[in-house]
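Going by numbering that gives the first Met the number 0, the letters in the sequence shown line up with residues 0 to 337, in that order.
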Amino acid sequence: MKDNTQTDSLMYNIPYHTADLSKLNILVTGGAGFIGSNIVEYLMKYGTGKVRVLDNLSNGNYKNIAKYETDSRFEFIEGDIANIGTCLQACKGIDMITHQAALGSVPRSIADPARSNAANVTGFLNMLIAAKDSNIKRVVFASSSSVYGDHPALPKFEDVIGSPLSPYAVTKLTNELYAKVFGSTYGMEIIGLRYFNIFGPKQDPNNPYAAVIPIFVSKTINKEVVFIDGDGEQSRDFTFIENAVQANVKALLTTNTAAVNQIYNIAVGEKFSVNYLYNKIQEILKAEHKPTYREARKGDVKNSLADISKARTLLDYDPKFKFEEGLPITVDYFAKMY
Ligand SMILES: NC(=O)c1ccc[n+]([C@@H]2O[C@H](COP(=O)([O-])OP(=O)(O)OC[C@H]3O[C@@H](n4cnc5c(N)ncnc54)[C@H](O)[C@@H]3O)[C@@H](O)[C@H]2O)c1
0 MKDNTQTDSL MYNIPYHTAD LSKLNILVTG GAGFIGSNIV EYLMKYGTGK
50 VRVLDNLSNG NYKNIAKYET DSRFEFIEGD IANIGTCLQA CKGIDMITHQ
100 AALGSVPRSI ADPARSNAAN VTGFLNMLIA AKDSNIKRVV FASSSSVYGD
150 HPALPKFEDV IGSPLSPYAV TKLTNELYAK VFGSTYGMEI IGLRYFNIFG
200 PKQDPNNPYA AVIPIFVSKT INKEVVFIDG DGEQSRDFTF IENAVQANVK
250 ALLTTNTAAV NQIYNIAVGE KFSVNYLYNK IQEILKAEHK PTYREARKGD
300 VKNSLADISK ARTLLDYDPK FKFEEGLPIT VDYFAKMY
């Protein structure tokens, strides 16, 4: 496998901010991971004063950010958010935080709920405490569409949620509850982004809990067996990474007082089935690799589709990449890896 840490030249060509970033010091937790390293890429590209990454590399890849190590604006701390001392150290001299560090994946949380809780709940609480004690007001954090749990309604509106279906969903819901209480109790400005199936360059295809798009692409290219869970008719609001980065930028920099201490759906607002996704990938790769169907996964929801009008209205979020525009960029990125 080749090292392929450059994102496509089609990405991050539009700035999503008008403010001067050069005086801002921003901490990106989980910045060696998929979403975090894309946020780092945007912030470095547009001249942010300091970009500090805190990551324990449990799931991320240092290669995603290695190209910045000689840039004096960039700093990397290898450390665990489950350690409050590390969080306090990472917050020194920082103006705002985008918190992406967590152990993702529903199946991983089912296999080891304690480990997910340590990173996602204790780690999140530590970051909020460290931000409060360091007088950092603005914290943007990664929540998840899994918070909608067993609520059947489509599309999903932020204030109508069901019961969580997995330990992972419990951790993300707990984050949202802590965020609300820290906002009201300590006067902090905390914004939660409920991501819906983010995909794109730098997503890891190689761990046992990898997401569906990198798995489909890498296994098709390598002619390995591709499993589709259930009948493949489950659908998702697949969201290209640049849209998620845009949401982080808007949330970090918004001056709209009505936009803070809120939770937002971050998606495109269109759903596609897993079978459709699989066939599109075959088409882009000019392949005819047949999938193998197996039992549906525990804790998975059948359909997922976001209403994104709240983020559009309050955050001025406007996803520029549709699923079908982001997919070829992503497939091309993975194709160059092999
Ligand atoms: N990718 C998606 O579709 C999606 C959907 C919903 C929510 N999210 C959330 O978005 C965030 C980023 O996800 P991602 O897809 O980039 O995952 P990722 O695994 O690529 O990135 C997470 C990063 O956090 C780091 N990390 C994990 N535990 C840590 C700890 N205890 N201390 C320090 N660093 C730690 C990992 O090493 C990794 O680099 C996560 O909070 C995830 O739950 C992602």
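Beta carbons: idealized from backbone N, C-alpha and C, even for Gly.
The structure presented is a predicted model; accordingly, all values stated were derived computationally and were not measured.
- S36 is not a Cβ neighbour of K249, given a cutoff of 9 Å.
- With contacts defined as CB atoms closer than 9 Å, F140 and N174 qualify as a contacting pair.
- Shown here for V330: same chain residues with a beta carbon closer than 8 Å to its own, the five before and five after excluded, namely V216, I280, I283, L284 in chain order.
- At least one heavy atom of ligand 1 lies less than 8 Å from the C-beta of G103.
- For F123, the enclosing alpha helix (DSSP H) covers residues 122-132.
- For R193, the enclosing beta strand (DSSP E) stretches over residues 188-194.
- Taken through DSSP and simplified to helix, strand or coil, T253 comes out as coil.
- Taking a 10 Å sphere around the C-beta of L176, we find fewer than 16 other C-beta atoms and assign the residue as exposed.
- In this chain, E40 is not harboured by any beta strand (DSSP E); it is covered by the alpha helix (DSSP H) spanning 33-44.
- Between G48 and S21, the C-beta gap is smaller than 9 Å, which places the two residues in contact.
- Setting aside the 5 residues that flank it on each side, P163 is surrounded in the same chain by G148, V169, L172, each with a C-beta closer than 6 Å to its C-beta; the list follows chain order.
- Distance from the CA atom of I64 to the CA atom of N55, rounded to whole angstroms, is 13 Å.
- Distance between H16 and G229, taken at the CA atoms: about 42 Å.
- The beta-carbon separation of F198 and A210, rounded to 7 Å, stays under the 8 Å limit for a contact.
- D236 has its CB no nearer than 8 Å to any heavy atom of ligand 1.
- Nearest in C-alpha terms to F271, of all of D317, E323, T254, is E323.
- For S115, the enclosing alpha helix (DSSP H) stretches over residues 112-116.
- Not one heavy atom of ligand 1 is found less than 8 Å from the C-beta of Y67.
- For N24, the beta-bridge partners assigned by DSSP are K49.
- The Cβ neighbour count for D236, taken over all protein chains shown within 10 Å, is at least 16; the residue is labelled buried.
- Not one heavy atom of ligand 1 is found less than 8 Å from the C-beta of G92.
- Shortest Cα-Cα distance from A286 to any of E269, V259, K218 involves K218.
- For S144, the closest of V244, I93, G59, I262 by C-alpha to C-alpha distance is I262.
- For D331, there is no enclosing beta strand (DSSP E); the residue is part of the alpha helix (DSSP H) that begins and ends at 322-334.
- For the options N260, G231, A266, L252, the alpha carbon positioned closest to that of F239 is the one of A266.
- Taken in chain order, the complete beta strand (DSSP E) segments of 3 residues or longer contained in the stretch 178-250 are 188-194, 226-228.
- In this structure, the straight-line span from the alpha carbon of A305 to that of E40 is close to 26 Å.
- Taking the Cβ atoms as the reference, L251 lies roughly 6 Å from T97, within the contact range of under 8 Å.
- Taking I13 as the centre and dropping the five residues before and after it, the same chain places the C-beta of K319 closer than 7 Å to its C-beta, in chain order.
- The beta strand (DSSP E) runs lying completely inside the stretch 134-179 and spanning 3 residues or more are 137-143, given in chain order.
- Under the DSSP assignment, Y292 falls in the beta strand (DSSP E) whose first and last residues are 291-293.
- In this chain, the alpha helix (DSSP H) harbouring Y275 covers 273-284.
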